[in-house]
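What follows is a single structure, written as structure tokens, with notes after it.
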Amino acid sequence: MILLTRAVVQPWNCDMMGHMTTRFYVAFFDDAINILLGQATDWAPTTPEWADRGWADVRHEIDFVGEVPSGVIVEIYGTVRTVGRTSIQTDYEMRRLHGGELAAKLAAKTVFFNLAERKSTPLTEPMLERLKSWMAAAPSHGSEA
């Protein structure tokens with residue numbers, strides 16, 4: 044897996060028991076998903092070549108493994124698991140920076156989307172090539188992109 048992002052768990056990210064809430068796990072993972080999509084496909088929503096094309100998450104499955112209190116720095120790693128005609132499946136791990144303990148895992152399915160037509164659209168050939176090579180070249184946990 045490749046390191047995608049780091050974040051500090053703030054007090055406002057936590058519930059009344061002092062642990063990060065589900066809404067912020069999802070937000071942190073969502074940031075990582077967008078970073079992975081940009082790195083693995085060269086997709087950039089602000090460039091003309093990508094006008095009217097984007098992504099739609101259609102499935103998230105989160106396993107909460109360890110508690111994450113305020114003040115902890117987390118790292119999120121990710122990799123591309125499978126590539127389809129219009130979608131990709133990706134896996135992520137959230138780990139504590141100090142100690143490396145696993146906090147949560149996410150399995151996601153994301154569909155390439157035509158924003159004007161409001162439906163899935165095939166991944167482009169350059170995207171497929173980048174995804175396949177990125178998937179094959181993805182280093183193990185602890186390595187940076």
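In this text, residue positions in the sequence shown follow the working numbering: the first is 44, and each later residue adds one.
From the three backbone atoms N, C-alpha and C, an ideal C-beta is built for every residue, glycine too.
Quick caveat, the model's predicted, so the values are computed rather than measured.
### Query
In three-state DSSP terms, what is Glu187?
Here residue 187 is taken as the residue at index 144 of the sequence shown, counted from 1. Here Glu187 scores only 42 on pLDDT, less than 50, and its place in the model should not be relied on; the value that follows carries that caveat. Strand.
### Query
By Cβ distance, which residues of its chain are closer than 7 Å to Pro88, with the 5 residues on each side in sequence left out?
Counting from one through the sequence shown, the residue named residue 88 turns up at place 45. Taken in chain order, the residues that qualify are Gly97.
#### Entry: Trp55, buried or exposed, once every other Cβ within 10 Å from all chains shown has been counted against 16
Position 12 of the sequence shown, counted from the first residue, corresponds to residue 55. Its Cβ having fewer than 16 others within 10 Å, Trp55 is exposed.
### Query
So Glu136 and Gly109 are in contact, right, with Cβ under 8 Å, and what is the actual spacing, rounded?
For this step, residue 136 is matched to residue 93 along the sequence shown. For this step, residue 109 is matched to residue 66 along the sequence shown. Between Glu136 and Gly109 the beta-carbon gap is near 11 Å, outside 8 Å, which marks them as no contact.
### Query
Does the separation of the CB atoms of Thr133 and Thr153 fall below 8 Å?
One-based indexing of the sequence shown puts residue 133 at position 90. One-based indexing of the sequence shown puts residue 153 at position 110. Yes, these two residues count as a Cβ contact at 8 Å.
### Query
Along the chain, where does the alpha helix (DSSP H) that runs through Thr84 open and close?
Position 41 of the sequence shown holds residue 84. In the DSSP annotation of this structure, the continuous segment of the alpha helix (DSSP H) that includes Thr84 starts and ends at Thr65 to Thr84.
### Query
Beta-carbon separation of Ala147 and Ile78 under 8 Å?
Along the sequence shown, read from residue 1 onward, the residue named residue 147 stands at position 104. Along the sequence shown, read from residue 1 onward, the residue named residue 78 stands at position 35. Cβ distance not < 8 Å, so Ala147 and Ile78 don't count as in contact.
#### Entry: Simplified DSSP state of Pro88, which is helix, strand or coil
As a first step, residue 88 must be located in the sequence shown, where it is residue number 45. Coil, per DSSP.
### Task
Apply the 10 Å Cβ neighbour rule to Arg66 and answer buried if 16 or more other Cβ atoms are within range, or exposed otherwise.
The count along the sequence shown starts at 1 and reaches residue 66 at position 23. Classification of Arg66: exposed, given that the 10 Å Cβ count is below 16.
#### Entry: Run of the beta strand (DSSP E) containing Asn191, from where it starts to where it stops
Beyond the ends of the chain as shown, which are 44 and 188, falls residue 191; an answer cannot be given.
### Message
Between the alpha carbons of Tyr2 and Glu168, how many angstroms are there, rounded?
### Response
In the structure as shown, the chain starts at 44 and stops at 188, and residue 2 therefore has no counterpart that could be examined.
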